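Numbering (the working numbering), first residue to last: 10 to 493. Using N, Cα and C, we set each Cβ at its ideal position, and we do this for glycine too. Because the structure is a prediction, the values reported are computed rather than measured.
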Ligand code: BGP
């Protein structure tokens, strides 16, 4: 990549990092927190460790925030764990849960770091699943409303940027991987009911934020993967558009317009799908005007035409970190994803494609004209300490630099972007690969094996070691985003 000129970032642009409660906090049974559905899902990802300890941010957040300050971060995007706030079906608020997030928020503000808070990042309390039917039942809506109201009332005096539901599109597209499809008999049809209930919860959060948080802004968090056509064959272009619809556009359209697109209504009609939309639902969704789009963007995909008589193939994600183990999906009559020969791949077969970031921002701006903040973008890798005691991560450093440069170019293209939060600040638990797949600017000196061998977190050193990418990000921020 050539940095032949300096794109200008707007005044006050937020340079930060990102995490999620269940992946960074640990302390899953402490101070009243009850189990979350994602805890159970993480226990199924053997041979990797689950989320019982991870980076132990719950006990070490002050040390982590001090390192964020040293790095020069001006924002930190994290999530609140619903089962810490409302641990049981009686709906009682857990004062220890409130105290933990008060401590974290106050520490961040004292360090000059703006908190950006996700309300839902996969950790629905198990009691909601067992007693209310989880995302399958509309009974989740008042429970979610009570939870988010509690958050806005407790933290809204200091937190002004809120995010509703993390990657709703990925939860619906990859229901098995994230555990959302558990207990659902006909996923092909019933996922659209679940999706509708999630949209209603998103709308409840947006409307309540505007009512309760003075000066509060809120937006959804789609996971966005630009899709390129494999060739200029017209059918490949339509395949790319189909892939875009079914993996992300459907969701962004709904957030932006408060209603489902004609494309989706037709698809439901043609497949005999009833998403169970009830009177008043669309009005609720339309009232929920997002202030911005929070975008998670790591990679791109490439699509080709798949004829109606093609053999169907599920998307099999690479769950091991051995290159070449991903199987691309084939959806007959719609699209097939395929390898892109113009980009490199990570050990998990994710495309390394910083230009996709500029594409994503241009595309979303052209379609929705909503300001954007990047809430996730990062490089997953196998890493360990070198013999000099340091952690060298040149690939991540390049990835982050190249992505920031492309954001700069998108801003020069006229796109409104107000912040960048890399995934992640410290190493933490990966969705499918425990502690083995690392993303942090800061190395956590631990392994899956070490964590699996103990039940006592105090036996783990979990030493924090800033990586080379940390020092690059630090000098980049200190230079006013001019020193590449
Ligand atoms: C995003 C999720 C994050 C995080 C990230 C990296 O989709 O919002 O929670 O996990 O992906 O994914 P993984 O841990 O599978 O590498």
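Alpha carbon of residue i to alpha carbon of residue j, nearest angstrom
i: residue 118; j: residue 217; result: 24 Å
i: residue 279; j: residue 267; result: 22 Å
i: residue 18; j: residue 208; result: 33 Å
i: residue 39; j: residue 61; result: 10 Å
i: residue 378; j: residue 233; result: 16 Å
i: residue 282; j: residue 445; result: 40 Å
i: residue 466; j: residue 130; result: 24 Å
i: residue 401; j: residue 386; result: 19 Å
i: residue 194; j: residue 318; result: 26 Å
i: residue 206; j: residue 399; result: 47 Å
i: residue 116; j: residue 74; result: 7 Å
i: residue 491; j: residue 12; result: 10 Å
i: residue 58; j: residue 323; result: 26 Å
i: residue 172; j: residue 396; result: 41 Å
i: residue 313; j: residue 78; result: 46 Å
i: residue 133; j: residue 348; result: 35 Å
i: residue 287; j: residue 415; result: 43 Å
i: residue 200; j: residue 177; result: 11 Å
i: residue 455; j: residue 341; result: 44 Å
i: residue 105; j: residue 463; result: 25 Å
i: residue 486; j: residue 23; result: 10 Å
i: residue 197; j: residue 112; result: 43 Å
i: residue 474; j: residue 52; result: 27 Å
i: residue 26; j: residue 305; result: 12 Å
i: residue 428; j: residue 191; result: 35 Å
i: residue 187; j: residue 49; result: 10 Å
Spatially closest choice to residue i from the options, by CA coordinates
i: residue 145; options: 342, 165, 19, 189; result: 189
i: residue 326; options: 20, 338, 315; result: 338
i: residue 109; options: 97, 41, 157; result: 41
i: residue 71; options: 96, 114, 57, 91; result: 114
i: residue 436; options: 33, 55, 426; result: 33
i: residue 80; options: 54, 416, 122; result: 122
i: residue 368; options: 420, 143, 345; result: 420
i: residue 321; options: 345, 395, 65; result: 345
i: residue 5; options: 425, 413, 375, 355; result: A query on residue 5 cannot be resolved here, the shown segment of the chain reaching from 10 to 493 and no further.
i: residue 302; options: 231, 225, 184; result: 231
i: residue 227; options: 97, 157, 52; result: 157
i: residue 275; options: 254, 261, 293, 265; result: 254
i: residue 350; options: 304, 417, 237; result: 237
i: residue 179; options: 84, 452, 300, 256; result: 256
i: residue 390; options: 366, 273, 354; result: 354
i: residue 493; options: 441, 460, 45, 417; result: 417
i: residue 87; options: 229, 295, 30; result: 30
i: residue 404; options: 476, 438, 430; result: 476
Residue i - partner residues in DSSP beta bridges
i: residue 207; result: Beta-bridge pairing links residue 207 to no other residue.
i: residue 3; result: With the chain covering only 10 through 493, there is no way to say anything about residue 3.
i: residue 453; result: 473
i: residue 252; result: Paired residue(s): none; residue 252 is not in a bridge.
i: residue 322; result: 339
i: residue 310; result: 236
i: residue 284; result: Per DSSP, none; premise fails for residue 284.
i: residue 395; result: Per DSSP, none; premise fails for residue 395.
i: residue 134; result: 45
i: residue 353; result: 361
i: residue 226; result: 170
i: residue 344; result: 340
i: residue 382; result: 303, 428
Any non-hydrogen atom of the ligand BGP within 8 Å of residue i CB
i: residue 179; result: yes
i: residue 32; result: yes
i: residue 63; result: no
i: residue 524; result: Outside the displayed span of the chain (10 to 493) sits residue 524, for which this structure offers no information.
i: residue 29; result: yes
i: residue 175; result: yes
i: residue 442; result: yes
i: residue 66; result: no
i: residue 432; result: yes
i: residue 481; result: no
i: residue 211; result: no
i: residue 298; result: no
i: residue 156; result: no
i: residue 232; result: yes
i: residue 332; result: no
i: residue 219; result: no
i: residue 385; result: yes
i: residue 446; result: yes
i: residue 60; result: no
Any chain B beta carbon closer than 9 Å to residue i
i: residue 119; result: Of the protein chains in the structure, only one exists, and it is not chain B.
With contact counted as at least three CB pairs below 8 Å, one residue from each stretch, are the segment 471–482 and the segment 406–415 in contact? Between the segment 471–482 and the segment 406–415, the count of Cβ pairs shorter than 8 Å is three or higher; the stretches touch.
Determine contact between the segment 350–365 and the segment 447–456, defined as no fewer than three beta-carbon pairs at a distance below 8 Å. no
Is there contact between the segment 221–231 and the segment 156–170, where contact requires at least three CB pairs shorter than 8 Å? yes
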